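What follows is a short report on a single structure.
Number of protein chains: 2
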Amino acid sequence: MTDALPFAGEPEDSHEAIMRATFCALQEHGYAGLSIQRIADEADLSKSTFYHHFDGKEDLLLSFLEFTLEEFDRVFKLESSGDPAKDLRTFFGLLLGDFPTAGGMPEQEDILATYVELRAQAVRNPDFRAKFTETDREFTARIAALVEEGIEDGVFRDVDPERTAQFLLTTLEGITLQNATRDDNPLPELRTAIESYMESELLVADSADS
Amino acid sequence: MTDALPFAGEPEDSHEAIMRATFCALQEHGYAGLSIQRIADEADLSKSTFYHHFDGKEDLLLSFLEFTLEEFDRVFKLESSGDPAKDLRTFFGLLLGDFPTAGGMPEQEDILATYVELRAQAVRNPDFRAKFTETDREFTARIAALVEEGIEDGVFRDVDPERTAQFLLTTLEGITLQNATRDDNPLPELRTAIESYMESELLVADSADS
DNA sequence: GATGTTTGACCGAACGTTCGTTCGATACGA
DNA sequence: TCGTATCGAACGAACGTTCGGTCAAACATC
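If you want it as structure tokens, here you go:
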């Protein structure tokens, strides 16, 4: 139970403590405000100790990104009911912040905002870009598999699974981007919008009209 | 003609030169690599001269963002044919990079990538966030107006214009985000995907099936 | 079991660089 | 002569990183 959460309990070693500290420092100060000093302070270590565990800032950030994306992936794998439509909705929910957070941890919206900050670094950082490309491909494949399953079960229309999955993921990331960079609160409305898309494009009609 | 481009010809005064230099420095070094020194170098001015024209970095960036978003808006206003479906496609194209660039200026994809970098700053910068919120609202309103026009003309289905516009803009920004942060080139495929969405959700069917 | 050696985690202090910003001076047009 | 535009030089702060050294646990040797 507690094992399902990424940063529950006390850190076991300094390596994990630094990872956790990076996470917290990112939430508190943002990517631009992230410094070795801040991470060291958050982890109750000295700056020099940090360099004993990591080659430098770039090394840390790449490790952190890798760890985080795998953690996302791991949580997603836990949720599967066999019902494609339900699983698809669950998957969308998770991407939009419906995941549990440990006590004292930041809110889901803050985590998604940090995701946007990290993703934007991929514009200039080739290693980041490679990681996000891979993650996007995995997510798309997972959505496509659910769509295909739904088509075989006769509950989804006969759409192109890969193309539909790509389109859906794009929209979901658009929602995340907008929600993290706007003052109004577009998320609830956009949740219903993507639900509408599912109903009109994906689900076969229940009644006989159109 | 040349007046339609944002940075054509020689800058008229130092203020404009700094704006232009900010634009170029952003393309070359990215947001994280943006410094007063770089801007001054690009504008052939000294750092101290910069402070004669702007209060500081934050002042400049806000002015630059304001100027840039208005420039986007201005280009969009030029294109209107009266045909809602065509105008909508033109609008989408512009948002995805189908705009002219002056000689020696960066490519459209680089400009969109810089847009993503700037937008990500809105996560932490309230002034940025306010500006992007406003721009999103304007864009949504413009799309909604086109959709409403299309419904009245009988070429679009009777959808909710506001909601449809919001959903479309979200997807477009998702496309921009993904294209700027991935190694593969999802833009062409996503262009056809949003065209498919228009055909199946928006346009009334030409033939008589469903 | 006592003793010398090695190893790994840790730290304080410092280094060199870059950053945003300020200040005083100079040149020039009105 | 007053205001405006420009400049070089410098400032303090923060950054990522390195270095020399401490301490305790693990290990090897006798």
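Residue numbers (our numbering), protein chains in the order written: chain A, 2 to 211; chain B, 2 to 211.
By construction, the Cβ of each residue, glycine as well, lies at the ideal position given by its N, Cα and C atoms.
Keep in mind that this is a model prediction, so the values were computed, not measured.
For residue i: DSSP bridge partner residues
{"i": "L204(A)", "result": "F157(A)"}
For residue i, three-class secondary structure by DSSP
{"i": "S82(B)", "result": "coil"}
{"i": "L173(A)", "result": "helix"}
{"i": "A251(B)", "result": "The structure shown does not extend to residue 251(B), since chain B is modelled only from 2 to 211, so the question has no answer here."}
{"i": "N186(A)", "result": "coil"}
{"i": "S211(B)", "result": "Here S211(B) scores only 40 on pLDDT, less than 50, and its place in the model should not be relied on; the value that follows carries that caveat. Reduced to three states, the DSSP call for S211(B) is coil."}
{"i": "Y198(B)", "result": "helix"}
{"i": "G98(B)", "result": "coil"}
{"i": "N126(B)", "result": "coil"}
{"i": "D14(B)", "result": "coil"}
{"i": "G31(B)", "result": "coil"}
{"i": "S64(B)", "result": "helix"}
{"i": "S49(A)", "result": "helix"}
{"i": "E108(B)", "result": "coil"}
{"i": "Y55(A)", "result": "Before going further, note that residue 55(A) is Phe rather than Tyr in the sequence given. The answer is coil: DSSP assigns F55(A) none of H, G, I, E or B."}
{"i": "A44(B)", "result": "coil"}
{"i": "A103(B)", "result": "coil"}
{"i": "M2(A)", "result": "Here M2(A) scores only 44 on pLDDT, less than 50, and its place in the model should not be relied on; the value that follows carries that caveat. Coil."}
Nearest-angstrom beta carbon gap, residue j and residue i [assumed within contact, 8 Å]
{"i": "D185(A)", "j": "A131(B)", "result": "10 Å between Cβ atoms; not a contact."}
{"i": "V205(A)", "j": "A114(B)", "result": "Actually they are not in contact, since the Cβ atoms of V205(A) and A114(B) sit about 40 Å apart, beyond 8 Å."}
{"i": "E196(A)", "j": "R158(A)", "result": "Actually they are not in contact, since the Cβ atoms of E196(A) and R158(A) sit about 16 Å apart, beyond 8 Å."}
{"i": "I19(A)", "j": "T171(B)", "result": "Rounded, the Cβ-Cβ distance is 36 Å, inconsistent with contact."}
{"i": "H30(A)", "j": "H54(A)", "result": "Contact flag wrong, Cβ pair sits at about 21 Å."}
{"i": "A194(A)", "j": "R164(B)", "result": "6 Å"}
{"i": "F77(B)", "j": "L95(B)", "result": "6 Å"}
7 Å Cβ shell around residue i - same chain, five flanking residues per side excluded
{"i": "L178(A)", "result": "V117"}
{"i": "A109(A)", "result": "Ala is not the amino acid found at residue 109(A); the sequence shown has Gln there. Same-chain partners within the cutoff: G98, F100 and T102."}
{"i": "A181(B)", "result": "L113, A114 and V117"}
{"i": "L8(A)", "result": "The question names Leu, yet the displayed sequence has Phe at residue 8(A). Only R21, F24, A103 and M106 meet the Cβ criterion."}
{"i": "A166(B)", "result": "T141, I144, A145 and V148"}
{"i": "K58(A)", "result": "I37"}
{"i": "Y198(B)", "result": "none"}
{"i": "L70(A)", "result": "K132 and T136"}
{"i": "S81(B)", "result": "D88"}
{"i": "E72(A)", "result": "P7"}
{"i": "L191(B)", "result": "I176"}
{"i": "L63(B)", "result": "D128"}
{"i": "K48(B)", "result": "I37, Q38 and A41"}
Cβ neighbours of residue i in the same chain (closer than 6 Å, five flanking residues each side left out)
{"i": "E150(A)", "result": "P85"}
{"i": "A26(B)", "result": "L35, R39, I40 and E43"}
{"i": "P162(B)", "result": "A145, V148 and E149"}
{"i": "Y1(A)", "result": "This structure leaves residue 1(A) out entirely; chain A is present only between 2 and 211."}
{"i": "E174(B)", "result": "none"}
{"i": "F51(B)", "result": "I37 and A41"}
{"i": "L61(A)", "result": "F55"}
Proximity test, residue i beta-carbon vs the ligand MG heavy atom, cut-off 7 Å
{"i": "A123(B)", "result": "Here there are no bound small molecules, and the ligand MG is not part of this structure."}
Other residues of its chain near residue i: CB distance less than 8 Å, five sequence neighbours each side excluded
{"i": "E67(B)", "result": "K132"}
{"i": "F65(B)", "result": "M20, T23 and F24"}
{"i": "G155(B)", "result": "V205"}
{"i": "D74(A)", "result": "T136 and E139"}
{"i": "H45(A)", "result": "Here residue 45(A) is Asp; the residue named in the question, His, does not match the sequence. So the list reads A18, once near-sequence residues are dropped."}
{"i": "D111(B)", "result": "Q28"}
Below 7 Å between beta carbons is the criterion; list the residues of the region 126-141 of chain B that meet it against any residue of chain A, in chain order. R130, A131, F133, T134 and D137
Short-range partners of chain B found in the region 163-182 of chain A, where Cβ spacing is below 9 Å: R164, T165, Q167, F168, L170, T171, T172, L173, E174, G175, I176, T177, L178, Q179, A181 and T182
Residues in the region 16-49 of chain B with C-beta within 9 Å of chain A's C-beta atoms, listed in sequence order? H30, G31, Y32, A33 and G34
Can you give me, in chain order, the residues of the region 184-199 of chain B that have a beta carbon less than 9 Å from any beta carbon in chain A? D184, D185, P187, E190, L191, T193, A194, I195, S197 and Y198
Residues in the region 110-121 of chain A with C-beta within 7 Å of chain B's C-beta atoms, listed in sequence order? A114, V117, E118, R120 and A121
Taking any Cβ of chain B, which residues in the region 56-83 of chain A have a Cβ under 8 Å from it, in chain order? none
According to a CB-to-CB cut-off of less than 7 Å, which residues of the region 148-163 of chain B neighbour chain A? none
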